[in-house]
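S.K.:
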Amino acid sequence: MIRIIEPRFSEEEKEVILQILNSQQITRGSWTARFQELFADYIGVKHLFTVCSGTVALFVALKAVGVDGKRVVVPAMSFMATIDAVYLAGGVPIVVDVDEHYTMDPNQLEDAVKRYRPKVVVPVHLYGQTADMSAIMELSERYGFYVLEDAAQAHGAEWRGRKAGSLGHLSAFSFYASKNLPMGEGGAIGTNDDKLAREIRKWIDFGEHPAFNIRITEFQAGIGFVQLKSLDERNRRRREIASKYSSLLKEDFHVPQEREGAYHVYHLYTLRHSQRDSIVEYLKNKGIDARVYYPYLLHELRNSEHLPTPNAEAFRKEVFSIPVHPYLSDEEVGFIAESLLQAVRLAQSPLCSV
Ligand SMILES: Cc1ncc(COP(=O)(O)O)c(C=O)c1O
113 MIRIIEPRFS EEEKEVILQI LNSQQITRGS WTARFQELFA DYIGVKHLFT
163 VCSGTVALFV ALKAVGVDGK RVVVPAMSFM ATIDAVYLAG GVPIVVDVDE
213 HYTMDPNQLE DAVKRYRPKV VVPVHLYGQT ADMSAIMELS ERYGFYVLED
263 AAQAHGAEWR GRKAGSLGHL SAFSFYASKN LPMGEGGAIG TNDDKLAREI
313 RKWIDFGEHP AFNIRITEFQ AGIGFVQLKS LDERNRRRRE IASKYSSLLK
363 EDFHVPQERE GAYHVYHLYT LRHSQRDSIV EYLKNKGIDA RVYYPYLLHE
413 LRNSEHLPTP NAEAFRKEVF SIPVHPYLSD EEVGFIAESL LQAVRLAQSP
463 LCSV
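Reminder that position 252 of the sequence shown reads as 364 in the working numbering, one-by-one numbering, no gaps.
Listed below in structure tokens is the structure:
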């Protein structure tokens, strides 16, 4: 099976794990401090706090702003953690549609903001491409809401030369095993705001109010530290593969488009086709792990208040993702593209059903 997700580790990670074991400092040590410093620098934020998952990063960021009983806008297409964190933090989610790049539609956001006066808006940089952050930040200034970037899928992505995670008031990352920067499990919250940083710290250091233990271990931080050094190189390879796919598939599929001003890091390479289900089935039979991210819309999943979502409803029926991880060989990329073209020919043939 050509896997859709494939984290790989070198001798360097193994050496770091051994060093940590030998040091007997397995939590709250120098590796966590070093990773936080390096990632803060990489993203371009003043404060960066590691936590145990992306979901917890979203939760703590929302708690730091204070969303109890307040409205929080999220897009219809994302992993469920985006909306679950809002509920868990005591907020009231309002779901809006996505634009043609699968990220929050700023036009509809303005309607939602006028109607619901949210305290926080959570754009999701879905599949590795940032939302239209200029439009969203402009609305934030005009209407006075906080922007929390869900950058769980966008390590190293950029918008107009600035890194995802440094564009809003706050950001949340995930270092889950499948992510462009994997640690196994883990997350981080970034901010440039000193006051918000003080609030975040209360969730990390015990004492100020009841809190969970949400720290990562030194092992995770050590892996993250090593993986971060080659993140740009891996993202470049993802982009190379994506560009190859797009040139081979653009006549037969709706291929992902890079927004002008964006640097897409292809956490997922997501296409659309009306015969999606039979194509995915065909690929699976060929040993290619294709998957649907995501088969649900957030407001349907959690029965939440929402604006009309015609784009998300149409896309949800047609999207599917194929392997784009940086360790694919050129032969595998060619084989996957060729299999997709065969699947389309079969799906469209009157004599065969795939
Ligand atoms: C967009 C998005 N938000 C939030 C999360 C939650 O991260 P985690 O699984 O680390 O809790 C994920 C990933 O899993 C995600 O893809």
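Even glycine gets a Cβ: it sits at the ideal position worked out from N, Cα and C.
Among P420, L282 and V168, whose alpha-carbon lies nearest the alpha-carbon of G299?
M.R.: The residue labelled residue 299 in the question sits at position 187 within the sequence shown. Here the closest residue by C-alpha is V168.
S.K.: Of all the options S451, V236 and I328, which has the alpha carbon lying nearest to the alpha carbon of A145?
M.R.: Against the sequence shown, residue 145 aligns to sequence position 33. The candidate whose alpha carbon is nearest that of A145 is I328.
S.K.: Does any heavy atom of ligand 1 sit closer than 7 Å to the C-beta of G280?
M.R.: The residue you call residue 280 lines up with position 168 of the sequence shown. G280: no, Cβ never under 7 Å from ligand 1.
S.K.: Tell me which residue opens and which closes the beta strand (DSSP E) that R183 is part of.
M.R.: Position 71 of the sequence shown holds residue 183. Looking at the DSSP string, the run of the beta strand (DSSP E) that includes R183 is R183 to P187.
S.K.: Under 8 Å, with one C-beta from each stretch per pair, do the segment 407-424 and the segment 173-192 reach the 3-pair mark?
M.R.: These segments touch.
S.K.: Can you give the Cα-Cα distance for Q332 and R457, rounded to whole angstroms?
M.R.: Numbered from its first residue, the sequence shown carries residue 332 at position 220. Numbered from its first residue, the sequence shown carries residue 457 at position 345. Rounded to whole angstroms, Q332 to R457 spans 45 Å at the Cα level.
S.K.: Whose CA, out of S190, R115, V204 and S278, lies closest to the CA of G156?
M.R.: In the sequence shown, the residue the question calls residue 156 occupies position 44. Checked all of S190, R115, V204 and S278; the closest Cα to G156 is S278.
S.K.: If you measure from the CB of A193, is any heavy atom of ligand 1 nearer than 7 Å?
M.R.: As a working mapping, residue 193 is identified with position 81 in the sequence shown. Correct: A193 has its Cβ closer than 7 Å to ligand 1.
S.K.: Please report how far the alpha carbon of I259 lies from the alpha carbon of H281, in whole angstroms.
M.R.: For the purposes of this step, residue 259 is identified with residue 147 of the sequence shown, where counting begins at 1. For the purposes of this step, residue 281 is identified with residue 169 of the sequence shown, where counting begins at 1. The amino acid at residue 259 is misidentified as Ile; the sequence shows Val. Cα to Cα, the separation comes out at about 5 Å.
S.K.: Quick one: does the C-beta of G299 sit closer than 7 Å to a heavy atom of ligand 1?
M.R.: Here the question's residue 299 lines up with position 187 in the sequence shown. Correct: G299 has its Cβ closer than 7 Å to ligand 1.
S.K.: Take E124 and list the residues in its own chain whose beta-carbon comes closer than 7 Å to its own, dropping the five residues that flank it on each side.
M.R.: For the purposes of this step, residue 124 is taken as residue 12 along the sequence shown, with counting starting at 1. Contacts found: V338.
S.K.: Please state whether the Cβ-Cβ distance between G319 and F287 is less than 8 Å.
M.R.: Numbered from 1 along the sequence shown, position 207 holds the residue referred to as residue 319. Numbered from 1 along the sequence shown, position 175 holds the residue referred to as residue 287. No. Outside cutoff.
S.K.: So, with DSSP's three-state summary, where would you put K275?
M.R.: Residue 275 sits at position 163 when you count from the first residue of the sequence shown. Strand, per DSSP.
S.K.: Thinking C-alpha only, which one of S386, L361 and W315 is nearest A173?
M.R.: Position 61 of the sequence shown, counting from 1, holds the residue named residue 173. It is W315 whose Cα lies nearest to the Cα of A173.
S.K.: Just to confirm before moving on: does the CB-CB distance between H379 and G181 stay below 8 Å?
M.R.: Counting from 1 along the sequence shown, the entry for residue 379 is found at position 267. Counting from 1 along the sequence shown, the entry for residue 181 is found at position 69. Not a contact, by the Cβ cut-off of 8 Å.
S.K.: Quick one, are the C-beta atoms of S252 and R272 less than 8 Å apart?
M.R.: Here residue 252 is taken as the residue at index 140 of the sequence shown, counted from 1. Here residue 272 is taken as the residue at index 160 of the sequence shown, counted from 1. For S252 and R272, no; Cβs fall outside 8 Å.
S.K.: Here's a check: name, in chain order, each residue in its chain whose Cβ is nearer than 7 Å to the Cβ of V466, leaving out the five neighbours to either side.
M.R.: Indexing the sequence shown from 1 puts residue 466 at position 354. Its pLDDT being 47, under 50, V466 is placed unreliably by the model, and the measurement read from it follows with that caveat. Once the five neighbours on either side are set aside, the close Cβ partners of V466 are S390, E393, Y394, A455, L458 and A459.
S.K.: Can you name, in chain order, every residue of its own chain whose Cβ lies under 7 Å from the Cβ of E430, other than the five neighbours on each side?
M.R.: Residue mapping note: residue 430 aligns to position 318 of the sequence shown, counting from 1. For E430, where only same-chain residues beyond five positions count, the Cβ hits under 7 Å are R384, H385, S386 and R388.
S.K.: Let me check one thing: in DSSP terms, what residues is F151 bridge-paired to?
M.R.: Here residue 151 corresponds to residue number 39 of the sequence shown, with the count starting at 1. DSSP, once it has assigned bridges, lists no residue as partnering F151.
S.K.: Would you say the beta carbon of L340 is closer than 7 Å to some non-hydrogen atom of ligand 1?
M.R.: As a working mapping, residue 340 is identified with position 228 in the sequence shown. No.
S.K.: If we ignore side chains and look at the alpha-carbon of each, how far apart do G302 and M192 end up?
M.R.: By 1-based counting over the sequence shown, the position of residue 302 is 190. By 1-based counting over the sequence shown, the position of residue 192 is 80. Rounded to the nearest angstrom, the two C-alpha atoms are 21 Å apart.
S.K.: Under 7 Å from any heavy atom of ligand 1, does the C-beta of Y214 make it?
M.R.: For the purposes of this step, residue 214 is identified with residue 102 of the sequence shown, where counting begins at 1. No - ligand 1 has no heavy atom lying nearer than 7 Å to the Cβ of Y214.
S.K.: Nearest by alpha-carbon distance to D196: which of A176, L170, R254 and D217 is it?
M.R.: Along the sequence shown, one-based indexing puts residue 196 at 84. If we check each option's Cα against that of D196, L170 comes out closest.
S.K.: Helix, strand or coil: which one does DSSP assign to F427?
M.R.: Counting from one through the sequence shown, the residue named residue 427 turns up at place 315. Correct three-state label for F427: helix.
S.K.: Throw me the rounded Cβ distance for the I129 and W143 pair, which I believe falls under 8 Å.
M.R.: Residue numbering aside, residue 129 sits at position 17 when the sequence shown is read from its first letter. Residue numbering aside, residue 143 sits at position 31 when the sequence shown is read from its first letter. No, I129 and W143 are not in contact; Cβ-Cβ is about 10 Å, not under 8 Å.
S.K.: With a threshold of 8 Å, are at least 3 pairs of Cβ atoms found where one atom belongs to the segment 219-230 and the other to the segment 438-454?
M.R.: The answer is no - the segment 438-454 does not touch the segment 219-230, with fewer than three Cβ pairs under 8 Å.
S.K.: Among L452, L308 and D209, which has the Cα closest to the Cα of S433?
M.R.: As a first step, residue 433 must be located in the sequence shown, where it is residue number 321. Of L452, L308 and D209, the residue nearest in Cα terms is L452.
S.K.: Is Y288 a contact residue of ligand 1, with contact defined as CB to any heavy atom under 7 Å?
M.R.: Here residue 288 is taken as the residue at index 176 of the sequence shown, counted from 1. Yes, ligand 1 has a heavy atom inside 7 Å of this Cβ.
S.K.: Please classify G166 as buried or exposed, where buried requires at least 16 other C-beta atoms within 10 Å of its C-beta.
M.R.: Indexing the sequence shown from 1 puts residue 166 at position 54. So G166 ends up on the buried side.
S.K.: Heavy atom of ligand 1 less than 7 Å from the Cβ of Q265, yes or no?
M.R.: Start at 1 with the first residue of the sequence shown, and residue 265 comes out as number 153. It does: the Cβ of Q265 is within 7 Å (strictly closer) of some heavy atom of ligand 1.
S.K.: Quick one: using the 10 Å Cβ neighbour count with 16 as the cut-off for buried, is R310 buried or exposed?
M.R.: By 1-based counting over the sequence shown, the position of residue 310 is 198. Burial call: exposed.
S.K.: Let me make sure I understand the geometry here. Which of M295, P322 and L238 has the alpha-carbon closest to that of A424?
M.R.: Mapped onto the sequence shown, residue 424 falls at position 312. Cα-wise, what sits closest to A424 is L238.
S.K.: Considering only the beta carbon of each residue, do T382 and Y405 sit closer than 8 Å?
M.R.: Counted from its first residue, the sequence shown places residue 382 at position 270. Counted from its first residue, the sequence shown places residue 405 at position 293. In this structure, Y405 lies closer than 8 Å to T382 by Cβ.
S.K.: To which residues of the same chain is E222 closer than 7 Å at the C-beta, ignoring the five residues directly before and after it?
M.R.: By 1-based counting over the sequence shown, the position of residue 222 is 110. Same-chain partners within the cutoff: L251.
S.K.: Kindly indicate which three-state DSSP category G446 falls into: helix, strand or coil?
M.R.: Counting from one through the sequence shown, the residue named residue 446 turns up at place 334. If DSSP states are grouped into helix, strand and coil, G446 belongs with the helices.
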